[in-house]
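If you read the sequence shown in this note's numbering, its first letter stands for residue 919, the second for the next number, and so on. Note that the Cβ used here is the ideal one computed from N, Cα and C, for glycine as well. Keep in mind it's a predicted model, so treat the numbers as computed, not measured.
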Amino acid sequence: MRLIGLQGILTIVSHLSFIALAFWAISALHIERLMTFYPRQSRVLIVMLAVAIGFGCSSFFLDFIDNVRNLGYLLR
């Protein structure tokens with residue numbers, strides 16, 4: 919049970935880290951300048967894009983690490 923809890927914490931930290939990284943990167947693009955008539959919607963768009971990209975990248979890396987760990991069972 920302790921291992922499942924540790925994996926849960928690692929997953930949450932990974933997702934939040936990648937979302938923050940994606941938000942930081944997307945904010946540098948200044949999308950709000952392109953949407954001058956809709957400033958609130960541009961901020962919501964940036965947050966939603968950051969969540970989507972961050973979650974996707976985090977899931978990819980977590981699945982990749984899990985698959986690399988499972989390769990050990992193939993070699994035994």
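Does the beta-carbon of Ser976 have 16 or more other beta-carbons within 10 angstroms, so that it is buried, or is it exposed? In the sequence shown, the residue the question calls residue 976 occupies position 58. By the Cβ-count criterion, Ser976 is buried, with 16 or more other Cβ atoms from all chains shown falling within 10 Å of its own Cβ.
DSSP three-state label for Leu997, please. For the chain, the structure presents residues 919 to 994; residue 997 sits outside this window and is missing.
Secondary structure of Arg994, DSSP reduced to three states: For the purposes of this step, residue 994 is identified with residue 76 of the sequence shown, where counting begins at 1. DSSP places Arg994 in coil when its eight states are reduced to three.
Are there 16 or more other CB atoms within 10 angstroms of the CB of Gly972, so buried, or fewer, so exposed? The sequence position of residue 972 within the sequence shown is 54, counting from 1. Classification of Gly972: buried, given that the 10 Å Cβ count is 16 or more.
Ile949 beta carbon less than 8 Å from that of Leu963: Counted from its first residue, the sequence shown places residue 963 at position 45. Counted from its first residue, the sequence shown places residue 949 at position 31. The Cβ atoms of Leu963 and Ile949 sit closer than 8 Å to each other.
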